[in-house]
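Residue numbers (the UniProt record's numbering): 1 to 511.
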């Protein structure tokens with residue numbers, strides 16, 4: 001018969017795998033007080049795995065120090081634990097000291113780099129593993145493909161896709177899910193949907209991936225249809241499903257359906273709403289201009305909104321010109337994230353829209369005096385397996401003369417096609433001509449111009465941006481796509497915009 005500590009350890013393993021980490025921690029506390037707690041490697045391995053999953057390094061270290069045998073499993077668990085806590089140097093030190101590495105420990109290090117945004121080192125470790133005769137498994141490829149999605153390294157992701165096709169791993173539901181996600185995050189939604197449709201017996205992870213991709217690309221109605229198909233096939237949705245579903249409704253103006261989904265979570269599907277679901281509802285109401293309802297919804301929430309919720313509300317106040325509520329949202333955000341300059345930038349935009357230039361100056365003075373750094377707008381595009389990064393007014397590229405010549409040509413041609421600069425997008429009290437010059441040299445326009453002179457006409461142009469695309473650039477790129485007869489895809493910090501050669505955007509000007 002199994003002793004109580006062993007039974008508890010098995011329960012901890014079950015809770016850890018199912019994500020119920022709090023219950024696992026409670027069992028650990030019970031285990032420590034249990035008579036005859038044996039501190040065996042078997043028991044400790046499960047505890048290490050659980051604490052690694054939740055990034056609780058102090059508990060993991062305490063176990064590591066008292067374990068009677070530090071075998072491959074425990075060392076690998078520590079690599080994962082340090083990686084989750086952003087301690088890659090420590091994870092790498094343990095990895096390098098591990099003498100008998102297997103594919104699991106190699107994958108743990110690859111995954112650690114990939115999840116922390118260091119895709120180059122992830123690739124270095126992978127190539128080193130191959131040279132040493134290690135056979136990658138489905139988890140290795142999943143980590144590498146996720147790294148391609150995080151770094152939007154499309155060409156490399158396509159190569160890994162080819163490699164999993166040559167193996168049986170293409171049949172793995174999780175590998176298919178990360179491929180769906182990777183292509184979606186790199187802008188190729190058609191490839192995402194094709195892989196999903198070819199997936200045999202998709203699990204909830206695979207369904208969540210396609211719903212998430214459709215949401216990010218603003219295909220709200222398709223995301224809703226996918227959700228209904230998922231439920232119709234008796235695949236249970238979870239909290240991740242509903243986050244993607246609510247985001248899809250938010251970005252497509254499907255407020256009525258979004259509210260119905262939110263209200264059905266607990267009652268119909270047994271999924272208790274979390275902070276992120278409440279935040280999505282606030283975002284959805286705010287984007288639709290229903291700011292009064294958003295404020296009432298906040299008042300009914302069981303807990304104070306998080307930073308994302310207040311930021312969403314602040315952005316909506318900027319869009320719809322609601323100064324008083326915007327000031328409240330900014331005040332709350334400053335309490336939660338005092339170092340976030342984005343709050344001050346949005347607030348100054350609201351003041352600029354109301355032509356309160358003294359308030360704009362006061363906010364900017366606050367940023368300067370506090371030593372905060374404003375996040376610069378950056379755009380990047382991948383051409384011939386190389387990523388080219390641009391800032392506003394960027395003259396650092398070797399082909400700058402060709403780029404700016406193309407930009408001048410585009411400026412003239414879209415003007416003939418009806419483009420009128422929206423100088424209200426410039427938060428500066430300067431002359432109109434200077435505002436037009438600033439708009440003309442935004443980073444996304446430079447990236448688009450470079451891609452037009454550098455990429456084959458048959459390939460879509462995919463530009464990534466770290467901030468929200470401005471209203472004026474959105475209008476300009478619609479016309480650029482039309483006059484150049486090219487498909488231009490722009491991903492900003494919230495979603496994708498597909499500018500088609502007919503001069504339209506997939507967002508329908510709602511974002």
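Even glycine gets a Cβ: it sits at the ideal position worked out from N, Cα and C.
- Burial of residue 445 is indicated by the presence of at least 16 other C-beta atoms within 10 angstroms of its C-beta.
- For residue 206, the enclosing alpha helix (DSSP H) has its first and last residue at 204-216.
- In the three-state reduction of the DSSP assignment, residue 372 falls in the coil class, being assigned neither a helical nor a strand state.
- Rounded to whole angstroms, the separation of the alpha carbons of residue 355 and residue 422 is 15 Å.
- Taking C-beta atoms as the reference points, residue 489 and residue 456 fail to come closer than 8 Å.
- Restricting attention to beta strand (DSSP E) runs no shorter than 3 residues, the segment 439-469 encloses them at 461-465, ordered along the chain.
- One Cα belongs to residue 367, the other to residue 373, and the distance between them is close to 7 Å.
- If you draw a straight line from the Cα of residue 344 to the Cα of residue 307, it comes to about 14 Å.
- If you compare the alpha carbons of 136, 80, 408 and 153 with that of residue 384, the shortest gap goes to 153.
- For residue 481 against residue 499, the beta-carbon gap comes to about 4 Å, under 8 Å, which counts as contact.
- Annotated three-state conformation of residue 91 is helix, per DSSP.
- Counted as a single uninterrupted DSSP element, the beta strand (DSSP E) harbouring residue 496 occupies residues 496-499.
- Just measuring C-alpha positions, the residue of 294, 269, 271 and 268 sitting nearest residue 280 is 294.
- Residue range 378-383 is occupied by the beta strand (DSSP E) that includes residue 380, with no alpha helix (DSSP H) assigned at that position.
- Per the DSSP secondary-structure output, residue 507 pairs with nothing in a beta bridge.
- Secondary structure of residue 101 (DSSP, three-state): coil.
- The DSSP-derived three-state label of residue 134 is coil.
- Residue pairing by DSSP places residue 390 opposite 379 in a beta bridge.
- DSSP places residue 430 in the coil class of the three-state scheme, outside both helix and strand.
- In this structure, the alpha-carbon of residue 359 lies about 29 Å from that of residue 379.
- Residues 207 and 237 of the same chain have their beta carbon placed closer than 7 Å to that of residue 230, with the five preceding and five following residues left out of the count.
- Apart from sequence neighbours up to five positions away, the residues of its chain that approach residue 76 with a beta-carbon distance below 7 Å are 104, 105 and 108, ordered along the chain.
- Assigned with DSSP and collapsed to three states, residue 355 falls in coil, not helix or strand.
- Two segments are said to touch when three or more pairs of C-beta atoms, one from each, lie closer than 8 Å; by this definition the segment 193-202 touches the segment 169-180.
- Here residue 224 carries a helix assignment [DSSP, helix/strand/coil].
- Secondary structure of residue 281 (DSSP, three-state): helix.
- For residue 489, the uninterrupted beta strand (DSSP E) segment begins and ends at 488-491.
- Residue 395 carries a coil assignment under DSSP once its states are collapsed to helix, strand and coil.
- With 16 or more other CB atoms across the displayed protein chains lying within 10 angstroms of its CB, residue 245 is buried.
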